[in-house]
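A short worksheet on the structure shown next.
There are 4 protein chains.
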Amino acid sequence: MLKVGLLGAGRIGRVHAINIAAHARSQLVAVSDVNEDAVQSLASAHGAKASTSEAILSDASIDAVLIATSTDTHSDLIERATAAGKRVLCEKPVDLSLERAQRCLSAASKTGIPVMIGFNRRFDPNFAAIKASLKAGEVGKPELLSITSFDPAPPPVSYVKVSGGLFRDMMIHDFDMANFLMGAAPQKVHAAGTSIVDPEIGKAGDVDTAVVTLTYADGRIAVIKNSRRAVYGYDQRVELLGSEGLLSAGNVLENTVSKSTSKGVVSAKPELFFLERYMRAYAAEWDAFVASVLDGAEVPVTLEDGVAALVLAEAATESARSGKSVLLEV
Amino acid sequence: MLKVGLLGAGRIGRVHAINIAAHARSQLVAVSDVNEDAVQSLASAHGAKASTSEAILSDASIDAVLIATSTDTHSDLIERATAAGKRVLCEKPVDLSLERAQRCLSAASKTGIPVMIGFNRRFDPNFAAIKASLKAGEVGKPELLSITSFDPAPPPVSYVKVSGGLFRDMMIHDFDMANFLMGAAPQKVHAAGTSIVDPEIGKAGDVDTAVVTLTYADGRIAVIKNSRRAVYGYDQRVELLGSEGLLSAGNVLENTVSKSTSKGVVSAKPELFFLERYMRAYAAEWDAFVASVLDGAEVPVTLEDGVAALVLAEAATESARSGKSVLLEV
Amino acid sequence: MLKVGLLGAGRIGRVHAINIAAHARSQLVAVSDVNEDAVQSLASAHGAKASTSEAILSDASIDAVLIATSTDTHSDLIERATAAGKRVLCEKPVDLSLERAQRCLSAASKTGIPVMIGFNRRFDPNFAAIKASLKAGEVGKPELLSITSFDPAPPPVSYVKVSGGLFRDMMIHDFDMANFLMGAAPQKVHAAGTSIVDPEIGKAGDVDTAVVTLTYADGRIAVIKNSRRAVYGYDQRVELLGSEGLLSAGNVLENTVSKSTSKGVVSAKPELFFLERYMRAYAAEWDAFVASVLDGAEVPVTLEDGVAALVLAEAATESARSGKSVLLEV
Amino acid sequence: MLKVGLLGAGRIGRVHAINIAAHARSQLVAVSDVNEDAVQSLASAHGAKASTSEAILSDASIDAVLIATSTDTHSDLIERATAAGKRVLCEKPVDLSLERAQRCLSAASKTGIPVMIGFNRRFDPNFAAIKASLKAGEVGKPELLSITSFDPAPPPVSYVKVSGGLFRDMMIHDFDMANFLMGAAPQKVHAAGTSIVDPEIGKAGDVDTAVVTLTYADGRIAVIKNSRRAVYGYDQRVELLGSEGLLSAGNVLENTVSKSTSKGVVSAKPELFFLERYMRAYAAEWDAFVASVLDGAEVPVTLEDGVAALVLAEAATESARSGKSVLLEV
């Protein structure tokens, strides 16, 4: 039984709490958060202790921590947790600063304690099936990857200002998905971005719609499309053209009902947002973390993976700014 | 080059005229109809002769006739055409009277001239693919067949009164489809019918909605659903459950566009009616007729098939009336 | 907080245990089963007491019981539980004997304690959406209902012999679905059944493939298709044709991935069986039960509903045997 | 009745011949080709005269010519035909040389005779429905366009060498589609190309897989993906994200049949290639041309449109070569 401390009792912390508590081999022991009310209510709902991050990190009976605090605390908490010998699952992104994330990686590596980063989409049954099919060679050699990732609605401009920008905050998931499916880092990054959804986002120095092209040393190409607004729901799709076929993962819909009338055939929208769409992914992610700790299974998403996604986000941000492609060392 | 006389220049006659004229190995030579205007305009559009059925049947240069006149003339024209040595493609149904159709079959058989009946749906690429898959054993042994066949809107009650009733006029297609896919006649017919769409149809002695269950000597079952009204278009589907899988043929849609908005995902309706849906089927049907005449290929839908479908229509009419199943000699 | 005793720790009991434990307003207090090992492991997994049905029914601190024991004990346990003042959620079917179920209903009614029957499919988000759309009048007046319900594989013949037969054991769900969606009992039942999947099932006096036609006093028709074998998974679909459109609920697939190769486009199969397909339905069912007890919400599936489905199962069994339709008093 | 001369009796010429002959308001009068056999057989099949381009262009009884000869003759024939006062429908592309096409435009403009360019995809019912929906404002303001266009198999390298390259030969269709749907020319073109399908194509100086990003003055973005190889068929899709929704046009499949077995659910592939996929588009294109001549309807695809697509092809070719974006004057 894995004894777990949860750092962070916000929206995503509550999702993790349910999965930790429901898992047959893990137990939620303690919860911390800067918000006292949040921590009390979440702890009591799962029979855990309301605590502090300090107390959790120094509690020898706790095996692992899940870091679901605000992004600016991730690097610091990863360093402290690994120094304390705790296994770590940390929410994405590692950090908004690539340099800080790299220092964190360096520090954590020295402890020898593996850190897992919460790129939940790798555990989505649909994207995981794409990866499995690829690995099995079912469509031959991959050649052209397309990732579509649209949020239902843009965040407030106040959030945009502190978010690190679309490439670090939103497309970071897609950069990791590209790394995951392509199994290599690209050589070159080209980004086109615009603030056509909300000009205020542009005034805040960010984009809300972007297309990024990644080219790889062996000639493969990937293209990522992001928009902050898809009024019909959370649009999350992946397509991969290979030498022997195409793999395509569609959206998860709210239900399977269609209604045919004189006006057309109406079916359900995609699940509205990430909690609904990735509910199964979060549970599978937690299961993989438990297996990596208790069974010695390979850590499926490493801190290095977290840094690698940030490298692409940094390059895309630069490319969108300069209008020129950015070359990466590979 | 097959020289063809077309008897009947109404809606369906015009469809056949185009296919006869467009086919590389057939030529539309003459057209007849009781309506003088119709025959003139159709003949001139295709460079054919406006003629009469008498003249066509006695013209030695004409190899084949396509009978697209009103149903009550079919048996008579089949008998006269085969007696004149013409190959025949006759629109369905052979006759509204089973007894008359049987006499026609008897007379035509004596001439030794094969007659093809225009059950166009056998030539629909979707249903034909189901048949081919079945024959190839791709879903094992067939066990349970379902046919859904809904018209977009009920005909006028005046038509209903002379139509022979839903089972002879509309479900006749589905009886033939069952015979085609099951490759045998059923042992027993049970029909449930209602005039829920339009009570006036009920007053005229007919039904507008019906479910027929066919049971076969070897234990297979087929179920046919008909409605005179599907406001979203012409709904034409087939499903066949076999020991190793399910074959399913869906509707042909007006286009492949979907529109996702905050209200749902809207896609196109099925093609509105039989001319649109079965356009490709009519062309393939004509091609098969030409091949049967010019190449000696097997006649794909025989006059016997036309009578066999009528036998089921008669039994279903009786079952819906009496509320009891009707046993057939097989 | 609703304190709940679970009677039955088998496959379905374990599903309910998870939902009871996970629900914010219910607590699993005690579990009983004839199998000692099953009861011990299930109880400990959820921090509940291993107990006996006697002890649970006489424990005043327990508010409600969930009956998930073998069918032959249902009527007895419902009577004892309601006599003891416990609210009840009982798995389907109420009983294999219609007469026994009616006596149970009579006894339970006298206690004034409402009993809910576990027709889980009413809580499936897809079928529930059909019901909601119907209620909202989105397709006008219902006219023709079709229910397709195929199991992935037939049960052992030993099970078939004690199951009460396909109509009571399997189609009972579909009878309830028809009652649920049509909002009335039919006037007439016609059943065609065969043992084409496994002749041994026929020798045991049962069928494995059946088509049932229900006709209603107002002219509506429903048709239910069952097969014990669909090698591609659990096939659970509903279609309802109304005066203004068609509602259609499709299968829930294992994932949304398609693979296009030179051989065709392959997509995922339906979820294999009822635990996967109806996972969300079982959770929603439990939530509705909790609301009916704690909030006084209407009991969504009553003991009367359980008896009504049995009436249809009885009639269909009789019709399949006699080959004649069975009239019901409505 | 429009009297038409067809210049070119190759594969695409034969498609046009059928549409000209089948159209109620046009007549195929004469056909020319460098291949004597081709011209004889095509002419006789449609009752037209085997002729030469010279004779056709100087025949005063001919109203219009359809140019379906090899690309290097297009500009010259357009100039001669318009000088002779003939209305023209010319296959795409206008020319491989942008400079030559611009001279052709200049010469043709002076004659005042409108020229239509055969960008057939604008007439595909699916893409046309996207355009109509956009125009009707059904998804609000367009923001992000995606075009997927994959051929089933790469052409021979010998063809590649004289083709003008992927951007002029293949993506030219997609550039026109972008111009058609966006209603404006982009400001900037970025192309990434690779010869991952066939290295011999790379050695011949061309690419076989490419992603082009177009950015517009008002902040809109379009992305076009091309591959010379999709083993599952001709993959032709368009998606447009707008402020109020998403429009998506999928592939046209060979049939609507699906087969569910223990291995998955298999459905039909996209129509194999452009003749099958765009059969309806070619007929609609011809109908639009006839209407533009006989009814004075607006020419739906002008010579200017043909040149505008070439401008993008030129820019993309340059961008793929240099690795830098190309700015356009708009």
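Residue numbers (our numbering), protein chains in the order written: chain A, 1 to 330; chain B, 1001 to 1330; chain C, 2001 to 2330; chain D, 3001 to 3330.
Here a beta-carbon is modelled for each residue, glycine too, at the ideal position from N, C-alpha and C.
| task | Take B/VAL1094 as the anchor and find which of B/TYR1234, B/MET1001, B/SER1106 and B/GLY1183 has the nearest alpha-carbon. | result | B/SER1106
| Where the beta strand (DSSP E) through B/PRO1125 begins and ends | Run containing B/PRO1125: none in the beta strand (DSSP E); it sits in the alpha helix (DSSP H), 1125-1135.
| message | Quick check on this structure: which residue in C/GLU2285, C/MET2177, C/PRO2156 and C/ASP2072 has the alpha carbon closest to the alpha carbon of C/HIS2023? | response | Closest by C-alpha distance to C/HIS2023, out of C/GLU2285, C/MET2177, C/PRO2156 and C/ASP2072, is C/GLU2285.
| CB-CB length for B/THR1317 against B/ARG1168, believed under 8 Å | 7 Å
| query | chain C partners of D/GLY3250, CB-CB under 8 Å? | reply | Those within 8 Å of D/GLY3250 in chain C number zero; the least Cβ separation is about 11 Å.
| message | Let me check understanding here. Comparing Cα to Cα, which of A/GLY242, A/LYS324 and A/SER195 lies closest to D/LEU3144? | response | A/SER195
| Between A/TYR232 and B/VAL1265, which are expected to be in contact by the criterion C-beta below 8 Å, what is the C-beta distance as a whole number of angstroms? | 7 Å
| said: So, does the stretch 1030-1037 of chain B touch the stretch 223-238 of chain A, judging by three or more C-beta pairs under 8 Å? | reply: no
| request: Note down, in chain order, every chain E residue with its Cβ under 7 Å from the Cβ of D/THR3256. | output: The chain labelled as chain E is not found among the protein chains of the depicted structure, namely A, B, C and D.
| Alpha carbon to alpha carbon, how far is A/ALA191 from A/ILE147? | 14 Å
| Per-residue burial, C/PRO2199 [other beta carbons within 10 Å of its own, 16 or more giving buried] | The residue is exposed, with fewer than 16 neighbouring Cβ atoms inside 10 Å.
| task | Just tell me which of D/MET3170, D/ASP3124 and D/ALA3136 has its CA closest to the CA of D/GLU3276. | result | Residue nearest to D/GLU3276 within the set D/MET3170, D/ASP3124 and D/ALA3136 is D/ASP3124 (criterion: CA-CA distance).
| Residues in its own chain within less than 6 Å of A/ASN126 by CB, not counting five upstream and five downstream? | ALA249
| Assuming A/TYR278 contacts A/ASN19 under a Cβ cut-off of 8 Å, what Cβ separation, rounded to an integer in Å, is found between them? | That pair is no contact at about 11 Å.
| Enclosing beta strand (DSSP E) for A/GLU143 [first to last residue] | 142-150
| task | Quick one: list the residues of chain B neighbouring D/LEU3247, beta-carbon separation under 7 Å, in chain order. | result | VAL1257 and LYS1259
| message | Given a cut-off of 7 Å on the beta-carbon distance, is the pair A/PRO114 and A/PHE273 in contact? | response | The criterion of a C-beta distance shorter than 7 Å is not satisfied by A/PRO114 and A/PHE273.
| field | Collapsed DSSP secondary structure at A/GLN187 in the structure displayed | value | Three-state DSSP puts A/GLN187 in coil, outside helix and strand.
| Start and end of the alpha helix (DSSP H) containing C/ILE2067? | Looking at the DSSP string, C/ILE2067 is not in any alpha helix (DSSP H); the run it does join, the beta strand (DSSP E), is 2064-2067.
| field | Neighbouring residues, chain A, relative to B/ALA1268 (Cβ below 9 Å) | value | GLY264 and VAL265
| task | For A/GLY85, name the three-state secondary structure that DSSP assigns. | result | Here A/GLY85 carries a coil assignment [DSSP, helix/strand/coil].
| request: Would you mind giving the Cβ-Cβ distance between A/VAL252 and A/PRO270, rounded to the nearest angstrom? I have them listed as a contact below 8 Å. | output: 7 Å
| message | In whole angstroms, give me the CA-to-CA distance for A/VAL307 and A/LEU98. | response | 7 Å
| field | Residue range of the beta strand (DSSP E) that includes A/LEU181 | value | Residue range 172-182 is occupied by the alpha helix (DSSP H) that includes A/LEU181, with no beta strand (DSSP E) assigned at that position.
| message | Using a 10 Å radius around the Cβ and a threshold of 16 neighbouring Cβ atoms, would you call A/GLY47 buried or exposed? | response | exposed
| Limits of the unbroken alpha helix (DSSP H) element including D/ASN3019 | D/ASN3019 -> alpha helix (DSSP H) spans 3011-3022.
| Cα separation between C/ALA2297 and C/SER2026? | The C-alpha of C/SER2026 is placed about 16 Å away from the C-alpha of C/ALA2297.
| Taking the C-alpha atoms as reference points, what is the distance between A/LYS110 and A/GLU79? | 10 Å
| message | Counting C-beta neighbours from all protein chains within 10 Å, is the total for B/PRO1156 16 or more, i.e. buried, or is it exposed? | response | exposed
| field | From A/PHE289, A/LEU241 and A/PRO186, residue whose alpha carbon lies closest to that of A/ASP218 | value | A/PRO186
| field | D/ILE3067 to A/THR215 span [Cα, whole Å] | value | Each residue's alpha carbon lies about 39 Å from the other.
| message | My assumption, with CB atoms under 8 Å, is that D/LEU3328 sits in contact with D/VAL3189. Please give the rounded CB distance. | response | 7 Å
| query | Roughly how many angstroms separate the alpha carbons of C/SER2041 and C/ALA2009, rounded to a whole number? | reply | Near 9 Å, if we compare the C-alpha coordinates of C/ALA2009 and C/SER2041.
| task | Give the range of the beta strand (DSSP E) segment to which D/ALA3050 is assigned. | result | 3049-3051
| Should D/ALA3129 be flagged as near chain B, meaning a C-beta pair shorter than 7 Å? | yes
| Excluding five sequence neighbours on each side, which residues of the same chain lie with their C-beta closer than 6 Å to the C-beta of B/PRO1154? | VAL1197, ASP1198, ASP1208, ARG1228 and ARG1229
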